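**Student:**
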Amino acid sequence: MTLTVLAGSANVPLAESIATELGVTPHERMIERFADGELHVVIEQSIRGHDVYVVQPTSLPVDEHVMELVFLADACRRAGAARLTAVIPYFGYARQDRRASGREAIGARIVASLIEAAGFARVVAVDVHAPAIEGFFRVPLEHLSATNLLAAAVRTTSDTVIVAPDLGAVKLAGRYQAILHAPVAVVHKTRSSGSDVAVRSIIGDVKDRSPLIVDDMITTGATIEAAVNGLLEAGCKPDVSVAATHALFVGPAAGRLQALPIRQLIGTNSVDVANAPVPFQEVNLAPMIAQTIARLHRDQSLERLLAHR
């Protein structure tokens with residue numbers, strides 16, 4: 287069965303890099319919109335009997351990229367693909383994994399249903415915001431982690447303290463601790479809106495230490511800004527490092543982060559970064575994802591690549 291990589295429009299450079307690692311060329315496809323805004327997708331080369339991997343993070347604009355993903359799947363299925371895998375380096379809607387109030391949709395469950403209905407037999411994702419989302423899928427979800435890659439890129443010192451910027455990042459901080467062997471502190475925050483965050487307390491010793499803030503994503507930068515300001519008030523050194531898998535940098539993020547005493551800002555190319563603040567160091571996910579695809583294609587174990595949270 288021929289291994290085929292197909293790129294959506296959300297992050298073509300990453301898809302091309304993955305294909306290069308695999309020694310293949312991405313298959314040609316056409317993605318366009320009609321005058322009324324309708325999406326039109328065409329697979330321009332034969333994929334009959336192929337093992338197809340569609341690379342498409344569901345990043346901004348999220349809805350458009352989700353629809354591209356499912357249209358590409360349907361086009362592949364109708365063109366005779368033998369097996370379809372969705373490679374979603376960044377899974378949008380992952381924060382909508384439960385109802386915060388009574389009358390709202392669970393966005394992650396809806397998107398999972400769409401992906402299944404499109405014909406994907408498997409999903410590969412990287413550092414999904416809510417690991418419980420795996421249970422929303424009836425098809426296998428292979429959950430990879432960039433923690434080892436990001437930890438290898440961080441420059442630590444003897445006074446480094448790993449900081450979880452909220453309670454949701456505590457397990458992630460524990461994984462960094464297992465690699466870097468530094469103590470952990472936790473910021474207890476409250477969120478008043480999507481872009482406004484306040485720090486209530488900090489658990490752990492950060493005085494005269496250099497904090498390494500770790501998270502799965504940076505969106506508006508509000509969580510990082512609140513954490514840094516809270517850490518500075520608690521007496522940490524103005525020598526901050528930040529490591530996050532998904533560097534979305536939406537809205538005021540770049541300005542917020544550039545105004546902070548951040549020495550290292552490290553993320554991955556899970557999304558196509560267009561508004562990166564300075565400094566920003568990008569870690570390439572292509573080798574890890576390519577290795578995962580190669581192993582799936584050969585029906586080999588992924589045990590050493592999967593995230594265990």
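Taking my numbering, the leading residue of the sequence shown gets 287, the next gets one more, and so forth.
Just so you know, even glycine gets a beta-carbon here, dropped at the ideal spot from N, CA and C.
In this text, all values refer to a predicted model and were calculated from it rather than measured experimentally.
What's the gap between the Cα of Glu-402 and the Cα of Arg-424?
**Tutor:** Using only the alpha carbons, I get a separation of about 8 Å.
**Student:** Please name the residue, chosen from Gln-550, Ala-372 and Thr-442, that lies closest to Val-412 on a Cα-to-Cα basis.
**Tutor:** Nearest C-alpha to Val-412: Ala-372.
**Student:** Which residue's Cα is closest to the Cα of Leu-405: Arg-441, Asp-360, Ile-374 and Phe-377?
**Tutor:** Correcting the residue identity first, residue 405 is Gly in this sequence and not Leu. Checked all of Arg-441, Asp-360, Ile-374 and Phe-377; the closest Cα to Gly-405 is Asp-360.
**Student:** Strictly under 7 Å for the Cβ-Cβ distance: is Gly-294 near chain C by that measure?
**Tutor:** The structure shown has no chain C; it contains just one protein chain.
**Student:** Closest by CA to Val-341, which one among Ala-305, Ala-367 and Gly-335?
**Tutor:** Comparing Cα positions, the closest option is Ala-305.
**Student:** So Ser-556 and Tyr-376 are supposed to be a Cβ contact under 8 Å. How far apart are they, rounded?
**Tutor:** Contact flag correct, Cβ pair sits at about 4 Å.
**Student:** Identify every run of the alpha helix (DSSP H) within the region 437-515, keeping only runs that are complete inside it and at least 4 residues long; order them along the chain.
**Tutor:** Within the region 437-515, the complete alpha helix (DSSP H) runs of at least 4 residues are 456-466.
**Student:** Hey, could you find the ends of the alpha helix (DSSP H) Thr-371 is sitting in?
**Tutor:** Premise fails: Thr-371 lies in the beta strand (DSSP E), 369-374, not in any alpha helix (DSSP H).
**Student:** Out of Leu-355, Thr-442, Glu-568 and Glu-302, which has the shortest C-alpha to C-alpha gap to Ala-398?
**Tutor:** With distances taken between Cα atoms, Ala-398 lies closest to Leu-355.
**Student:** Pull up the DSSP beta-bridge partners for Gln-577, would you.
**Tutor:** Answer by DSSP bridge pairing: none, since Gln-577 is not bridged.
**Student:** Where Ile-392 and Asp-502 are concerned, what is the direct C-alpha to C-alpha distance, given to the nearest angstrom?
**Tutor:** C-alpha separation (whole angstroms): 20 Å.
**Student:** For the 8 Å Cβ check, are there 3 or more pairs between the region 557-566 and the region 414-429?
**Tutor:** In short, these stretches do not touch, since the Cβ pair count stays below three.
**Student:** In terms of residue numbering, what span does the beta strand (DSSP E) encompassing Ala-530 cover?
**Tutor:** Looking at the DSSP string, the run of the beta strand (DSSP E) that includes Ala-530 is 526-533.
**Student:** Using the rule of at least 16 other Cβ atoms within 10 Å of the residue's Cβ for burial, across every protein chain shown, is Phe-553 buried or exposed?
**Tutor:** Note that residue 553 is Gly in the sequence shown, not Phe. That one is buried.
**Student:** Would the region 488-497 and the region 514-533 be scored as touching if the rule is three or more Cβ pairs under 8 Å?
**Tutor:** With the cut-off at 8 Å, the region 488-497 and the region 514-533 touch.
**Student:** Once the 5 residues before and after Ala-416 are set aside, which same chain residues still bring their CB inside 6 Å of it?
**Tutor:** Result list for Ala-416: Ala-380 and Asp-383, in chain order.
**Student:** Would you mind reading off the limits of the alpha helix (DSSP H) that contains Ile-304?
**Tutor:** Note, Ile-304: alpha helix (DSSP H), 298-308.
**Student:** Does His-326 pass the burial test, meaning 16 or more other C-beta atoms within 10 Å, or should it be called exposed?
**Tutor:** Exposed is the call here.
**Student:** Pull up the CB-CB distance for Gln-577 and Leu-592, whole angstroms please, since I reckon it's below 8 Å.
**Tutor:** With a Cβ gap of about 12 Å, Gln-577 and Leu-592 do not count as contacting.
**Student:** In terms of residue numbering, what span does the beta strand (DSSP E) encompassing Gln-550 cover?
**Tutor:** From DSSP, the beta strand (DSSP E) with Gln-550 extends over 548-554.
**Student:** Only counting runs of 3 or more residues, tell me where the beta strand (DSSP E) segments fall wholly within the region 319-382, in order along the chain.
**Tutor:** Listed in chain order, the complete beta strand (DSSP E) runs (minimum 3 residues) inside the region 319-382 are 325-329, 337-341 and 369-374.
**Student:** Would you call the CB atoms of Arg-542 and Ser-527 closer than 7 Å?
**Tutor:** Cβ distance not < 7 Å, so Arg-542 and Ser-527 don't count as in contact.
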